[in-house]
Amino acid sequence: MSERAVAVKPKEDPWEMALKQYNRVADVLNLKRGIREFLAYPRRELTVNFPVKMDDGSVHVFTGHRVHHSTVLGPTKGGIRYHPDVTLNEVRALAMWMSWKCSVVGLPYGGAKGGVVCDHKKLSMAEMERLTRRYTTEITPILSAEGDIPAPDVGTTPQVMAWIMDTYSMHKGYSVPAVVTGKPINIGGSYGRVEATGRGCMITAREACKHLDLNLNGATVAVQGYGNVGSIAAYLLHDLGAKVIAVSDTSGGIYNPKGLDPRAVLRHKDQTKSVKGFPGTEAVTNEELLEIPCDILVPSALEGQINGDNAGRLKTRLIVEGANGPTSPEADEILRERGIMVLPDILANAGGVIVSYFEWVQGLQQFFWTEEDVNRNLEAIMVRSFNQVMAVAQERKADMRTAAYIRAVSRVADALMTRGIYP
Ligand code: NAD
């Protein structure tokens, strides 16, 4: 069976999911019609079809998108995804989620997202570089250090960010490090950026455990998606004493109820390209992994993995959304009724954009911070944001996603009313 055939397919269109989540909170907040409508639309969308010379001399045409959802709070910020399943609706949803994420943690940004439909695993480094440089050139009209700042997402790496920075700078005629974040350290990247999203997941999980009266020391953890976010969340939770019992990637999952060494699994994945076959583990599918009894479940792969079909069978106390949009609105209802706490993506995985913001500030100022400075400031923002969302949840007797959306959407709506409608 192929890798893709094993992967769990998302059940619901991500844009429909994002709109449902937004409309639910727009109702709660009783947003005025015009404001509600304005925030429901992406501000601008660009689709590009562009040729790339492949290593065998052939020319292949790729499709890419860049969507800006909202510019109300400041420049737009959001990652670029390279994946065969990228669609304009997925990019729209991810852009809207970025707006709420930046808002809920208090950053001066609106949301954006980009994507190229491609199987990055089948591209050579040289093809990836040519694809990245051409895509960057195509979307340059709507990129800038002051206006729209990309970052890594699924299938893109610090090296890809370096090519984006270099391509943009070549067109300008001078270096513009602040046009993209998630860069390698030697060209203006920030210490702590690679670990930031996983670190943020760990911090929010730790804070939530205090409210659930769940002792993190010895708590069992299952992680779907063992990439940047999932693997780092796994080893940082392990460092706090949690027992990581199952992890997975596109090729399937591994399970050991006695616990795994997450760093050893990462070394195994680096060597063999998959977590499969890690010694002393039982193979499980991605569907099975989600249903393994555990205290904390960290979905860190793609959208729609927890849906109406499987939400009733999850055996966990806390879900920490490392991925964007892993839980469908239907599943949310079921989890709410079952009393399972969900730390929503816009809060739980905001560590990445927070440290991207630090990287952008460092790039604009050309004044660089130590890793301790980065992690201390990240910790402060994550804990403050968690507590603010928890306070809304307690006050309104709402779940954490509703509370996070209430804070996020009302901050953007308030700013919009203060700015007014031009002209
Ligand atoms: P990545 O490419 O480093 O890792 C993704 C992992 O998920 C890989 O191990 C891949 O094999 C696995 N995967 C893909 N499809 C799967 C499936 N159907 N079932 C199980 N595993 C699957 O990407 P990443 O940067 O870790 O991003 C993961 C998620 O986190 C995405 O939803 C992304 O939007 C979100 N996110 C990433 C960041 C960041 O800073 N990297 C920040 C916020 C949110």
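Just so you know, we're using numbering that gives the first Met the number 0 here: the sequence shown kicks off at 0 and counts up by one. Heads up, the beta-carbon is just placed ideally off N, CA and C, and yes, glycines get one too. What you are looking at is a predicted structure, and each value in this text was computed from that prediction instead of being measured.
Report the partner residues of residue i according to the DSSP bridge assignment.
{"i": "P50", "result": "V60"}
{"i": "H82", "result": "V116"}
{"i": "H67", "result": "R43, A111"}
{"i": "V341", "result": "I318"}
{"i": "K76", "result": "G110, I148"}
{"i": "Y254", "result": "A245, E281"}
{"i": "Q223", "result": "S247, P298"}
{"i": "S143", "result": "D147"}
{"i": "I305", "result": "T326"}
With the cut-off set at 9 Å, would you say residue i and residue j are in Cβ contact?
{"i": "Y234", "j": "E370", "result": "no"}
{"i": "T196", "j": "I148", "result": "no"}
{"i": "S409", "j": "L28", "result": "yes"}
{"i": "M381", "j": "I202", "result": "yes"}
{"i": "L377", "j": "I353", "result": "yes"}
{"i": "V85", "j": "C117", "result": "yes"}
{"i": "Q223", "j": "L288", "result": "yes"}
{"i": "T75", "j": "A111", "result": "yes"}
{"i": "G229", "j": "V283", "result": "no"}
{"i": "I295", "j": "L363", "result": "no"}
Using the C-alpha atoms, what's the distance from residue j back to residue i?
{"i": "V220", "j": "P292", "result": "9 Å"}
{"i": "A347", "j": "R65", "result": "24 Å"}
{"i": "M340", "j": "G276", "result": "32 Å"}
{"i": "V319", "j": "I253", "result": "19 Å"}
{"i": "Q20", "j": "D331", "result": "10 Å"}
{"i": "N374", "j": "V58", "result": "44 Å"}
{"i": "V60", "j": "I138", "result": "15 Å"}
{"i": "A349", "j": "S299", "result": "13 Å"}
{"i": "E11", "j": "V47", "result": "25 Å"}
{"i": "R383", "j": "M53", "result": "48 Å"}
{"i": "L45", "j": "M389", "result": "37 Å"}
{"i": "A4", "j": "Y225", "result": "Legend: pLDDT at A4 = 34, less than 50; position of this residue unreliable, value from coordinates given subsequently. Whole-angstrom Cα-Cα distance: 18 Å."}
{"i": "E281", "j": "T249", "result": "16 Å"}
{"i": "R198", "j": "P422", "result": "43 Å"}
{"i": "L265", "j": "G56", "result": "35 Å"}
{"i": "G187", "j": "K396", "result": "44 Å"}
{"i": "R192", "j": "N227", "result": "11 Å"}
{"i": "L423", "j": "L213", "result": "Since the first residue of the chain shown is 0 and the last is 422, residue 423 is not available in this structure."}
{"i": "A96", "j": "V104", "result": "According to the sequence provided, residue 96 is Trp. The question's Ala does not apply to it. Each residue's Cα considered, the two are about 12 Å apart."}
{"i": "I420", "j": "G146", "result": "19 Å"}
{"i": "C208", "j": "K100", "result": "22 Å"}
I'd like to know whether the C-beta of residue i is nearer than 9 Å to at least one C-beta of chain D.
{"i": "L122", "result": "The question asks about chain D, but that chain is absent: this structure has only one protein chain."}
Please return the same chain residues whose Cβ sits closer than 7 Å to the Cβ of residue i, not counting the five positions on each side in sequence.
{"i": "G73", "result": "P107, Y108, G109"}
{"i": "I163", "result": "T131, T135, P149, V179"}
{"i": "L30", "result": "A412"}
{"i": "P343", "result": "E320, M399, R400, A403"}
{"i": "F385", "result": "T203, E206, L346"}
{"i": "Q387", "result": "R406"}
{"i": "G279", "result": "N255"}
Could you name the residues of the same chain whose beta carbon sits closer than 8 Å to that of residue i, not counting the 5 residues immediately before and after it, in chain order?
{"i": "M16", "result": "A92, E302, G303, G324, S327, P328"}
{"i": "E290", "result": "N309, R312, L313, K314"}
{"i": "Y167", "result": "T135, T139, L142, V175, V178, V179"}
{"i": "M169", "result": "none"}
{"i": "L211", "result": "R316, L317, M340"}
{"i": "L415", "result": "I34, F37, L38, V71"}
{"i": "H119", "result": "Y81, H82, M127, G154, T155"}
{"i": "L239", "result": "M201, R205, L215, N216"}
{"i": "V360", "result": "none"}
{"i": "I184", "result": "Y190"}
Excluding the 5 residues preceding and the 5 following residue i in the sequence, name in chain order all residues of the same chain whose CB lies nearer than 6 Å to its CB.
{"i": "G78", "result": "A150, P151, D152"}
{"i": "Y404", "result": "V24"}
{"i": "R35", "result": "A25"}
{"i": "L87", "result": "H64"}
{"i": "T70", "result": "R42, G109"}
{"i": "I231", "result": "E194, G197"}
{"i": "E2", "result": "Note that E2 scores a pLDDT of 37, beneath 50, so its modelled location is shaky and nothing firm can be said."}
{"i": "P256", "result": "I244"}
{"i": "A241", "result": "L215, A218, V220"}
{"i": "G114", "result": "H64, R80, V85, V90"}
{"i": "M262", "result": "Checking the sequence shown, residue 262 turns out to be Arg, not Met. Y234."}
{"i": "Q158", "result": "none"}
{"i": "S247", "result": "Q223, N285, L288"}
{"i": "N355", "result": "Rather than Asn, the amino acid found at residue 355 in this sequence is Ser. Excluding positions up to five away in sequence, the list reads A150, T180."}
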